[in-house]
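Colleague: Please see the structure below; I have some questions.
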Amino acid sequence: MAAPGAPVTVTVTYGNEKHSIQVASHQEDGEPTLQDMALLIEQVTGVPVPFQKLIYKGKSLKEMEQPLSALGVKNGCKVMLIGKRNSPEEEAELKKLKDLEKSVEQIANKLEEVNKEFTSIQKGFLAKDLQAEALKKLDKRIKGTAEQFMKILEQIDAINLPENFSDCKLKKKGLVKRVQRLLLLET
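Each residue of the sequence shown is one higher than the one before, counting from 1 in UniProt numbering.
This is the structure in structure tokens:
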């Protein structure tokens with residue numbers, strides 16, 4: 001058995017392809033989980049996690065939070081992957097959505113900074129005579145981030161997806177909901 005936090009080497013069989021992967025935990029000092037392995041398999045094979053069916057010793061692996069050791073997966077094991085890759089067209093659309101997602105995260109980080117500054121002003125960490133000016137600047141920054149979020153929503157809306165691009169549609173819907181939640185936080 002591998003030591004906690006040690007990577008686990010697994011052979012993944014997908015059709016007639018075989019991939020040897022080294023699964024490490026995304027958490028410090030944690031054991032690699034099924035989620036860690038599924039994400040790595042997505043990178044190596046191109047099969048998105050929602051469309052993966054992982055089979056080990058005849059059993060389907062489903063509990064994504066479970067450590068691999070709890071599922072009996074250890075160094076040298078073979079795992080079979082069943083699933084379908086996205087078409088190149090769908091991959092191109094997914095890349096657009098992932099780029100927009102990165103932009104959303106950057107803007108969300110800016111919003112978090114504004115929120116921290118506002119909280120410190122609320123707690124009285126700024127002299128009273130400077131608060132009005134600081135609040136005006138924060139208001140301006142909030143309006144700027146709201147404008148950026150609205151532009152991103154317009155870009156997302158401009159992406160037309162065919163019916164069979166289910167992975168893209170899920171990503172698009174999730175991204176719209178994330179931006180809408182962030183816009184609600186601003187108000």
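A virtual CB, placed ideally from N, CA and C, is assigned to each residue, including glycine.
Leu71 to Lys62, Cα distance in whole Å?
Modeller: Taking the straight line from one Cα to the other gives about 10 angstroms.
Colleague: Helix, strand or coil for Pro67? Go by DSSP, reduced to three states.
Modeller: Pro67 falls in the strand class under three-state DSSP.
Colleague: Please state if the CB of Ile142 and the CB of Glu112 are separated by a distance shorter than 7 angstroms.
Modeller: Cβ distance not < 7 angstroms, so Glu112 and Ile142 don't count as in contact.
Colleague: Of the choices Phe51, Asp157 and Tyr56, whose alpha-carbon is the least far from that of Leu175?
Modeller: Of the candidates Phe51, Asp157 and Tyr56, the one whose C-alpha sits nearest the C-alpha of Leu175 is Asp157.
Colleague: Starting from Val104, trace the beta strand (DSSP E) both ways and give me its first and last residue.
Modeller: No beta strand (DSSP E) contains Val104, which is instead part of the alpha helix (DSSP H) from Pro88 to Gln122.
Colleague: Compute the Euclidean distance between the alpha carbons of Pro48 and Lys137, then round it to the nearest angstrom.
Modeller: Answer to the nearest angstrom: the Cα atoms are 43 angstroms apart.
Colleague: Would Ala38 be called buried (16 or more neighbouring beta carbons within 10 Å of its own) or exposed?
Modeller: Buried is the call here.
Colleague: Could you tell me the alpha carbon to alpha carbon distance between Glu147 and Ile107, rounded to whole angstroms?
Modeller: Taking the straight line from one Cα to the other gives about 10 angstroms.
Colleague: Would you decide whether Gln52 is buried or exposed? Buried here means 16 or more other CB atoms lie within 10 Å of its CB.
Modeller: Buried, by the Cβ-count rule.
Colleague: How do the stretch 78-91 and the stretch 4-14 stand: do at least 3 beta-carbon pairs fall below 8 angstroms, yes or no?
Modeller: Yes, since at least three Cβ pairs between the stretch 78-91 and the stretch 4-14 fall closer than 8 angstroms, the two stretches touch.
Colleague: In the structure shown, what three-state DSSP assignment does Ile159 receive?
Modeller: Reduced to three states, the DSSP call for Ile159 is coil.
Colleague: With respect to the beta strand (DSSP E) encompassing Thr11, which residues constitute its N-terminal and C-terminal limits?
Modeller: Taken as a continuous stretch (DSSP letters only), the beta strand (DSSP E) holding Thr11 covers Val8 to Tyr14.
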